Structures are given as structure tokens and as C-alpha cells.
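Chemist: Mind having a look at this structure? Questions to follow.
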Amino acid sequence: MDKYIDLFVMTYIGYANYLWKTIKEPFLEGDFNFFYFVIVISLVVWGLELIIPWRKDQKAFRKDFWLDTFYMFFNFFIFNLLLYIALSSVTVELLNNLLAPLGYQGGHLIDLSNLHWGIQLFLFFIIADFVQWCVHILLHRIPFLWKIHKVHHSVKEMGFAAHMRYHFGETFVYNSIKYISLSMIFGFQLEMAFIVYTIAITIGHLNHANLGWDYGPLRYILNNPKMHIWHHSKALPKEHPYGMNYGISLSIWDYIFRTNYIPHDGRDIELGFHDDENYASGFFEQLIAPFRKEK
Ligand SMILES: [Zn+2]
Ligand SMILES: [Zn+2]
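At position 250 of the sequence shown the residue is numbered 250 (UniProt numbering), and the sequence of numbers has no breaks.
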């Protein structure tokens, strides 16, 4: 046990050092700086919202702009911390020890780690997105998970940063399932998660942006602002009582499994969920909201 405690402490110290280096040195040689990437992509998408807005009367600093900006950095660091922990030898060893009684001896069910990195990346992206699409449905269907996911659906006015408004519990739900499926079943190298994350952040920012885009025929493959806004619709149609358009980066799963729904241009639809007038409004209130009894 002492061994694990020591290693965990080392992991956190390692993470703190890594974080500090990332912020201090924007142009670290040989390393892609994800922290500054998030800032640059946010500024680019925000700039687009200001130049060619979909809802022309939406303010540059829309409702909850700063709350969502805070969420963006908070959740970015939580994701990184989790990944950092997952990559550490402690976690690998701990998981192997925990699963050993079940007959797990390390290794993977299907080993894709020898494929060309480009193919691995492509497969990682597709499989991870599908896994997330499934988890997203669970977030809407399982009552406690819905309470956690409500934070994301409390957005009343859309803008790029609304993408990152979610309870940190979601990071744990999504990533533990992704870790098991992608790393333990398929043997993907976890470092890929960093690269896929930058692609997902870019698409996710665009999905929530105040931009009237759907990418033409590519809309059946790529999720887009005109589709995702319906995912946030306050009113739910009879045929989709739990929600629709669950896609994260790709929209194709919704078209395949018939959870797609765009009845008309959703530019001005009301966003949120039933009774959201009484929902927690600040960061800390939203942090504890899932654990409070609902009236
Ligand atoms: Zn949702
Ligand atoms: Zn969303």
C-alpha cells in the first residue's frame, strides 16, 4: 500500500511540474502545447462568432460567457490530470492487480498497437467517438447520470465555450469507460488521446458556436452547430422523450441509429430542460447540484 501512496504522490508532483512547464513555455520544443492550443482555437471560433454570427443580436459576451470560460479551463485541467494519472505506471499496475482475480493478465483482447500510427489514430477517433455516443445516451437515460449531465444542458444561450460547461463527474464517467474500451480491449497507446482530444475540442467548440453551419453533405458524418442546437432543445418531441442528436464529434451514429432530429432551422429555439428556471446558476452550486434532492 505504501508503494501506491508514494507513487501517487509522485504522480501528482509530476503533474504539477508538467502543468507549470506547459503554461510557462508556450513553444516547448518537440511538444505540442495543448493548453495554448485551447486558447487559440477558442479565440478563432469566438472571432468567427463575432464576424459571421448566426443569431445576429447575441452579445459578444453572451449570458454565462465567463462561467463557461472558467469551466473550460477547469475541465481542461481535470481531463489532463486524469490522463496523466491513467498514463502513470501506478494506475496500470493497480488496475492489473485489481483485475488479476478476474483472470486479467495484462495485454489486450485485440491488439492494434502495431498498426501504422495514422491508422491507429483514425480508428481511435472513430471508436472513441462511438463509445462516447453510447455513454452520452446513458447520461440522458440513467437518472443519476442525467443529474450530472444537466449542468451541460443548463446552457440558455449558445456560444463556443458552452461546449466545456459540464460537471467534472462526466470526465470520470466518459474516461473510465474509454480507458477500458480503448486501452484495455484494443491496446491503443493512450498518448493518442491527446491528439484526438484536440480534434474533438475543435469540433465541439464549433458545435456550440453561434454559427449557422452544417458543412453541407458532410453533415451526415460530422456533428455541427445546426444539429447540436437541437440536442439542447428545451422541448423534446414525443418520439425522443430522452433526447436526440447525441453525437459528440460525429453525427453519423445518430443517422445510423435514428436518433437524429432537425425538424426545422433551430436558430432561435429555447434551450435548457424542464424547470430549468429553478436550476443552480453558479459554478459551485452546479458542482453540488447532482447530489442535492430535487424539489
Ligand atoms: Zn446531452
Ligand atoms: Zn452540447
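For every residue, glycine included, the Cβ atom is placed at its ideal position computed from N, Cα and C. Please read these numbers as outputs of a predicted model, since none were measured by experiment.
Measuring from each Cβ to the nearest heavy atom of ligand 2, keep the ones under 6 Å and list them in chain order.
Modeler: Listed along the chain, these residues meet the criterion: HIS152, HIS208, HIS228, HIS231 and HIS232.
Chemist: Compare the beta carbon distance of ILE229 and MET158 with 8 Å and say whether it is the shorter of the two.
Modeler: Against a cut-off of 8 Å, the Cβ pair of MET158 and ILE229 comes out as a contact.
Chemist: Starting from ASN175, trace the alpha helix (DSSP H) both ways and give me its first and last residue.
Modeler: From DSSP, the alpha helix (DSSP H) with ASN175 extends over 168 to 178.
Chemist: Write down every uninterrupted run of the alpha helix (DSSP H) in the segment 20 to 108 whose length is 4 residues or greater and which is fully enclosed by it, in chain order.
Modeler: List check, alpha helix (DSSP H) in window: 34 to 51, 65 to 87 and 89 to 99.
Chemist: Taking the straight line between their C-alpha atoms, what separation do you get for VAL38 and THR69?
Modeler: Distance between the alpha carbons of VAL38 and THR69: 11 Å.
Chemist: Would you call PRO225 buried or exposed, if buried means 16 or more other Cβ atoms sit within 10 Å of its Cβ?
Modeler: The residue is buried, with at least 16 neighbouring Cβ atoms inside 10 Å.
Chemist: Tell me whether GLY243 counts as near ligand 1, meaning its Cβ is closer than 7 Å to at least one heavy atom of that ligand.
Modeler: Checking every heavy atom of ligand 1 against the Cβ of GLY243, one is found closer than 7 Å.
Chemist: Going along the chain, which residues of its own chain have a beta-carbon closer than 8 Å to the beta-carbon of VAL40, five neighbours each way excluded?
Modeler: Nothing listed; no residue qualifies.
Chemist: Mind checking whether HIS232 and HIS163 have CB atoms under 8 Å apart?
Modeler: No, Cβ-Cβ distance for HIS232 and HIS163 is not below 8 Å.
Chemist: Sort out for me which residues DSSP pairs SER233 with in a bridge.
Modeler: Note: SER233 sits in a beta bridge opposite LEU271.
Chemist: Around the Cβ of SER281, are there at least 16 other Cβ atoms within 10 angstroms (buried) or fewer (exposed)?
Modeler: Flag for SER281 reads exposed.
Chemist: Measure the C-alpha to C-alpha separation of ARG267 and ASP57 and round it to an integer number of angstroms.
Modeler: In a straight line, the C-alpha of ARG267 is about 12 Å away from that of ASP57.
Chemist: Report yes if the C-beta of HIS149 is less than 7 Å from at least one heavy atom of ligand 1; otherwise report no.
Modeler: Within the cutoff, so yes.
Chemist: Please name the residue or residues paired with LEU222 in a DSSP beta bridge.
Modeler: LEU250.
Chemist: Using CA atoms only, rank isn't needed, just tell me which of THR171, PHE284 and GLU270 is closest to PHE77.
Modeler: The option with the nearest alpha carbon to PHE77 is THR171.
Chemist: Let me check understanding here. Comparing Cα to Cα, which of SER183, PHE144 and LEU211 lies closest to TRP54?
Modeler: For the residues SER183, PHE144 and LEU211, the minimum Cα distance to TRP54 belongs to LEU211.
Chemist: Using a threshold of 7 Å, is the CB atom of HIS240 nearer than that to any non-hydrogen atom of ligand 1?
Modeler: It does not: the Cβ of HIS240 is nowhere closer than 7 Å to a heavy atom of ligand 1.
Chemist: LEU250 and LEU222 look like a contact to me (Cβ under 8 Å); what is the Cβ gap, rounded to whole Å?
Modeler: Going by Cβ atoms, the distance from LEU250 to LEU222 rounds to 6 Å, so yes, they are a contact pair.
Chemist: Ligand 1 and LEU139: does the residue's C-beta get closer than 7 Å to at least one heavy atom of that ligand?
Modeler: True, at least one ligand heavy atom lies under 7 Å from that Cβ.
Chemist: On the three-state DSSP scale, how would you describe ILE5?
Modeler: In this structure, ILE5 counts as helix in the three-state DSSP scheme.
Chemist: For ILE177, collect the residues of the same chain with a Cβ closer than 7 Å to its Cβ; drop the 5 residues on either side in sequence, then sort them by chain order.
Modeler: Only VAL131 and VAL135 meet the Cβ criterion.
Chemist: According to the neighbour-count rule (16 or more other Cβ atoms, all chains shown, within 10 Å of its Cβ), is residue 328 buried or exposed?
Modeler: Lying outside 1 to 295, the shown extent of the chain, residue 328 is not represented and no answer is given.
Chemist: Quick check on LYS238: does DSSP put it in helix, strand or coil?
Modeler: The answer is coil: DSSP assigns LYS238 none of H, G, I, E or B.
Chemist: Return yes when at least one heavy atom of ligand 1 lies under 7 Å from the C-beta of HIS136, else no.
Modeler: Because some heavy atom of ligand 1 lies under 7 Å away, the Cβ of HIS136 counts as near it: yes.
Chemist: Between LEU139 and TRP133, is the Cβ-Cβ spacing less than 8 Å?
Modeler: Not closer than 8 Å, so no.
Chemist: What's the C-alpha gap between MET10 and ASN245?
Modeler: Distance between the alpha carbons of MET10 and ASN245 is about 42 Å.
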